[in-house]
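Residue numbers (this note's numbering), protein chains in the order written: chain Z, 129 to 336; chain Y, 129 to 336; chain F, 129 to 336; chain U, 129 to 336.
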DNA sequence: AATGAATGAGTCTTCATTCAT
DNA sequence: CATGAATGAAGACTCATTCAT
């Protein structure tokens with residue numbers, strides 16, 4: 129008789145959010161219903177409004193959680209870098225971005241669903257733009273230590289786009305598994321080529 | 129007055145598809161209703177089933193049209209290249225991809241919506257994978273004329289991802305206008321750096 | 129180029145009615161659409177209103193035709209009786225009723241569909257009651273020549289019900305073929321037993 | 129005030145089914161809409177899917193209920209027979225069949241509607257054939273105790289058809305009231321004549 | 001805290017009918 | 001005569017939300 133088991137709020141919220149991820153992965157965000165989520169979480173439909181106010185509240189919470197996990201992951205990867213040369217930090221950021229998707233193909237699809245939804249759900253858009261901005265700033269910060277401002281900007285923008293694009297193409301390919309090693313090597317290669325070709329250009333510019 | 133105006137099938141189809149694009153842009157694919165599309169096209173709701181069978185049929189037709197336009201655009205850009213050096217062809221492909229989005233921010237958002245939907249609508253997924261594959265193959269073909277096989281593969285994969293990523297970040301940024309010049313320069317830069325760093329590896333080419 | 133082939137009105141009407149029978153048999157009266165009928169008849173949807181005013185007009189025409197065929201069939205069977213003893217006439221009526229169903233299982237199902245519909249379509253109800261009444265009167269007329277009024281009434285009512293019931297159970301059984309020989313023998317048996325037991329009441333007949 | 133009144137499931141189901149019977153009687157099964165049923169039951173349209181999945185589920189439940197009532201009624205009539213002579217049991221079965229229709233003219237029309245629908249709705253067809261078979265077997269069982277096998281078969285088949293036919297003609301006659309006494313006497317008469325005429329035939333056969 | 005019965009607005013789909021050609 | 005494009009009302013179904021228990 130462990131019906132009506134009362135659990136701490138944060139545990140319940142976590143359970144519901146995870147159930148939501150499952151359902152979103154299976155049927156897509158726009159086909160996800162509260163009833164499905166409740167069933168997956170072995171709870172009643174009323175529970176969502178209880179903990180999240182309404183469906184939108186749950187969706188916001190899901191995206192927020194996703195972004196928080198990524199942020200934590202990035203912090204963690206950066207903290208683990210021993211030689212904190214800018215290039216290594218950039219690679220840590222790359223690694224953290226592909227770690228998420230490495231964990232599961234599921235996350236990638238969910239991510240894309242939220243990206244898409246963020247165009248038409250203001251709160252999601254806000255969160256998404258903050259995240260976009262964070263990745264860009266983060267990368268630019270380290271590129272600036274390696275190359276002139278203008279090129280750092282391009283490199284950061286390019287790398288951010290490359291990371292997102294690799295992820296995007298990964299989610300969309302029918303493959304069940306995303307080749308994160310390949311993705312990472314393509315991203316590393318981008319950084320390497322940018323760095324190798326930066327010096328001669330700088331010199332010319334410095335003469336100006 | 130002009131009630132019951134009969135138009136040729138292809139014209140009506142085009143009108144309806146364009147109305148659909150408008151609505152999808154405004155409210156998102158998953159919030160788009162047939163009633164909205166019909167209203168935008170100044171037609172009745174029954175017309176969609178008349179021309180497209182059902183809503184899914186219309187959606188498929190929309191995506192197919194989008195992809196066809198891109199394909200035609202790419203052919204056109206490639207045909208316009210005077211000096212058909214591989215690098216120029218690659219840049220033509222880049223240009224064609226950003227031409228679409230240049231035309232309007234609308235297209236970019238619609239594109240993302242379809243990308244997302246393609247994960248859960250089989251026919252859309254099929255079309256989308258064909259398109260993904262086409263971009264990759266197209267790029268790889270020209271990269272192969274410039275560098276060894278393995279690197280060509282990476283470069284093609286990287287550039288395809290970069291193009292998609294730039295587009296993605298463009299759709300998601302709140303900006304009303306996408307800076308296609310910047311996007312193109314980032315993509316060009318990717319090609320240039322890839323090519324510059326290829327030389328030391330392929331010494332024989334330097335003799336040319 | 130035999131498109132737009134113009135045929136006499138009664139031919140067109142016949143074609144459309146037959147197409148309607150086909151469709152009604154396949155999907156049931158309530159699921160029958162004008163589009164299906166038109167397609168089956170290789171004509172356009174507009175044709176129905178052209179010849180029958182509207183859908184209800186076509187349905188009425190269908191039922192009327194069905195009843196006319198039965199009536200003609202009954203007249204014909206009765207005309208073919210050589211020894212016009214009342215009992216033979218009754219059997220001719222039975223035969224005519226099972227002739228229709230003998231022709232095809234299709235007719236039986238259509239018949240039942242119209243019976244059911246006649247409860248809620250006034251014109252159909254009118255036609256159906258006339259037909260009911262005709263069968264009853266027809267039978268009673270001959271029974272009256274064989275037995276007292278009261279029993280003739282019961283026998284006629286009983287036989288009419290028996291015929292309809294046999295037909296009903298035939299349409300509803302999943303069997304593809306209706307055993308009209310069995311049905312007829314059951315009906316004959318009813319007549320025979322009714323007649324045999326009439327004797328004690330009608331002494332004069334015992335002298336025969 | 130009494131909004132949102134929650135009742136036990138079986139009560140709600142019963143209410144909805146009864147409302148459905150009302151509507152079906154009034155407008156016919158094929159014209160019956162969920163909205164009408166809901167209105168009649170003073171409930172919202174969503175309730176049908178809540179309890180029966182969809183409209184077809186409700187229709188199936190209605191027919192099942194009808195058949196169950198008839199079956200219970202037959203059991204009850206049979207249990208009430210004091211002198212369980214086969215002939216009395218057969219008459220009990222007849223009585224039970226006309227008890228239903230005695231209760232109301234409504235039931236008869238609903239039956240016919242379901243009969244008709246069962247030709248095109250698989251689940252209804254299944255239920256209907258089971259019921260047909262039951263009546264036939266039931267009657268044959270008792271006829272077998274009174275007459276030889278072959279004749280028992282005919283008598284059972286004939287009586288079953290007669291019962292259905294009387295019912296059918298009753299539903300279709302415009303009369304508001306079905307004369308169940310007359311119907312019953314016609315059916316009794318059928319049994320009586322079958323029995324009276326069986327003996328001489330049996331004897332001859334016994335001599336063979 | 002948790003349930004799930006009940007609601008009803010919103011959407012897709014169907015289809016008889018109309019009418020310009 | 002005949003067509004079939006176009007209409008729009010009607011209906012089944014979905015599902016977020018509410019709320020009595």
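Ideal Cβ positions, reconstructed from N, Cα and C, are used throughout, including at glycine.
Terminal residues of the continuous alpha helix (DSSP H) containing residue i?
i                      : result
residue 308 of chain Y : 308 to 324
residue 159 of chain F : Neither: residue 159 of chain F is in no alpha helix (DSSP H) and is coded neither H nor E.
residue 135 of chain F : Note, residue 135 of chain F: premise wrong, no alpha helix (DSSP H); not H, not E.
residue 203 of chain F : 183 to 208
residue 281 of chain Y : 277 to 300
residue 251 of chain Y : 250 to 271
residue 246 of chain Y : It is not in any alpha helix (DSSP H) - residue 246 of chain Y carries neither H nor E in the DSSP assignment.
residue 177 of chain F : 174 to 180
Please look up how many angstroms separate the CB atoms of residue i and residue j, rounded, as I've assumed it's under 8 Å.
i                      : j                      : result
residue 166 of chain Y : residue 175 of chain Y : 6 Å
residue 312 of chain Z : residue 222 of chain Z : 6 Å
residue 147 of chain Z : residue 168 of chain Z : 4 Å
residue 318 of chain U : residue 285 of chain U : About 12 Å; that fails the 8 Å criterion.
residue 272 of chain Y : residue 280 of chain Y : 5 Å
residue 289 of chain F : residue 314 of chain U : 7 Å
residue 325 of chain F : residue 325 of chain U : 7 Å
residue 107 of chain Y : residue 240 of chain Y : Any property of residue 107 of chain Y remains undetermined from this structure, which presents chain Y solely from 129 to 336.
residue 224 of chain Y : residue 205 of chain Y : 4 Å
residue 293 of chain Z : residue 156 of chain Y : The pair is not a contact, with the Cβ atoms about 22 Å apart (cut-off 8 Å).
Would you mind telling me which residues of chain F sit closer than 7 Å to residue i, beta carbon to beta carbon, in chain order?
i                      : result
residue 321 of chain U : 321, 322 and 325
Give the residues of chain Z in contact with residue i, contact being defined as C-beta atoms less than 8 Å apart.
i                      : result
residue 239 of chain Y : In chain order: nothing, as chain Z lies at least about 10 Å away.
residue 317 of chain Y : 282 and 286
What does residue i reach in chain Z if we use C-beta pairs closer than 9 Å?
i                      : result
residue 187 of chain Y : The contacting residues do not exist; residue 187 of chain Y stays about 12 Å from chain Z at best.
Could you tell me which chain U residues have their CB closer than 7 Å to the CB of residue i, listed as they occur along the chain?
i                      : result
residue 191 of chain F : Result: empty, since nearest Cβ-Cβ is about 13 Å, beyond 7 Å.
residue 256 of chain F : 300
Strictly below 9 Å CB to CB, what residues from chain F border residue i?
i                      : result
residue 246 of chain U : 300
Which residues in chain F sit within 8 Å of residue i, going by Cβ to Cβ distance?
i                      : result
residue 296 of chain U : 243, 289, 292, 293 and 296
residue 314 of chain U : 282, 285, 286 and 289
Which chain U residues are close to residue i, counting only those with a beta carbon under 8 Å from its beta carbon?
i                      : result
residue 260 of chain F : 297, 300 and 301
Interface positions of the region 263 to 290 of chain F facing chain U (Cβ-Cβ less than 8 Å), listed along the chain: 282, 285, 286, 288, 289 and 290
Problem set entry | Residues from the region 193 to 223 of chain F in contact with chain U, defined by Cβ distance under 8 Å | So nothing in the stretch comes that close.
(message) Output needed in chain order: residues of the region 147 to 166 of chain F with a Cβ under 7 Å from some Cβ in chain U.
(response) 155, 156, 158 and 159
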